[in-house]
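For what it's worth, my numbering labels the leading residue of the sequence shown as 18, then goes sequentially. From the three backbone atoms N, C-alpha and C, an ideal C-beta is built for every residue, glycine too.
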Amino acid sequence: MDALHPRRLRGRELLGRGRLMLLFTPSLVPGVESAPGWESAAEIGLALDALDACIGEVDALQLRVKHGEASHGRALHAWTLRVLDLCAARPGHDLPLLLNDRVDVAIAIAGELEQRAEASAELLLGVHLGQADLPPRMAREQLGPSALIGLSTHDFAQVVLAGEEPVDYLGFGPIYPTATKGYERGLGPERAWLAEEASALAVYPIGGIGPANASELSNPGRAAVSSAILGDPDPGQAARRIRAALGTG
18 MDALHPRRLR GRELLGRGRL MLLFTPSLVP GVESAPGWES AAEIGLALDA
68 LDACIGEVDA LQLRVKHGEA SHGRALHAWT LRVLDLCAAR PGHDLPLLLN
118 DRVDVAIAIA GELEQRAEAS AELLLGVHLG QADLPPRMAR EQLGPSALIG
168 LSTHDFAQVV LAGEEPVDYL GFGPIYPTAT KGYERGLGPE RAWLAEEASA
218 LAVYPIGGIG PANASELSNP GRAAVSSAIL GDPDPGQAAR RIRAALGTG
């Protein structure tokens, strides 16, 4: 295999060492009720305050801006810039940022970052793709060699097949039932361990994970979480509790 681009290699290392990925979905923050792209200044402030409260407790951010099943490109672009500004105000935290679904938005953001300061241009940026999104090989061709790509998987066969794709980490689930995605049944924590064993990539279990059950995922010791953090009155404390339950302190 050819040597990875240094920025992509750095992102893989961070994702491999990481334990908690926040699926930052502004609409999950209490008080944010408007459709993506139509949030008031007060709603934007609430969502960014929630992110600011827990950003020091997470190892990666996946930004999800959806209304129903559709991902809104303009709203995702606007929220990405807000998140970048927030991260820029907290230097020293090397945080991969993955945009959900939209390769086109990731390309646009990368182009804008090239016009910013050198540190911003070095951001570990990429996309997270679902099984029905653009195939990873096509995404890699469009994004270039430095971008990070994550892929959702839902069974053992998809995990194995992902090993042949130009991706850098996997999401796996749903582990537990989750209202966020409408799953009434989960795969169970044992499947997460099997997925981790079957892949050379970092695997982030997802779906219905919170402080009460995260200890069941101490092996593999990773989780991707949204509502259990963002919907909590104290997002930072919720993130710390989940990290502790994962066995990471």
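Check                                                                                                                              : Outcome
Continuous alpha helix (DSSP H) stretch holding A176: start and end                                                                : The amino acid at residue 176 is misidentified as Ala; the sequence shows Val. V176 -> alpha helix (DSSP H) spans F173 to A179.
Contacting residues, own chain, Cβ-Cβ under 8 angstroms from L165 (five flanking each side not counted)                            : R25, G28, R29, L32, P113, L115, L141, L142, G143, V144, D185 and Y186
Ranges of the beta strand (DSSP E) found wholly within the segment 175-248, counting only runs of at least 3                       : 186-189, 219-222 and 240-242
Where R34 sits in the DSSP three-state scheme                                                                                      : helix
Cross-strand partners of I259 (DSSP beta bridge)                                                                                   : DSSP, once it has assigned bridges, lists no residue as partnering I259.
Beta-carbon proximity list for R34, same chain, < 8 angstroms, skipping 5 on both sides                                            : D76
Reduced DSSP category for P23 - H, G, I as helix; E, B as strand; rest coil                                                        : helix
Three-state class that DSSP yields for G143 in the structure shown                                                                 : strand
Chain-order list of residues whose beta-carbon lies under 7 angstroms from that of N230 (same chain, five-residue window excluded) : Y193
Nearest to A217 (by Cα), restricted to the options P183, G205 and G225                                                             : P183
Per DSSP, cross-strand counterpart(s) of I166                                                                                      : V144
Unbroken stretches of the alpha helix (DSSP H), 4 residues or longer, contained in the segment 41-81                               : 58-71
Endpoints, alpha helix (DSSP H) assigned at L114                                                                                   : L114 -> not in any alpha helix (DSSP H); beta strand (DSSP E) instead, spanning L114 to N117.
Where L93 falls: helix, strand or coil (DSSP)                                                                                      : helix
In DSSP terms, what L39 is bridged to                                                                                              : L78 and V242
At least 3 beta-carbon pairs within less than 8 angstroms: the segment 43-62 vs the segment 158-172                                : no
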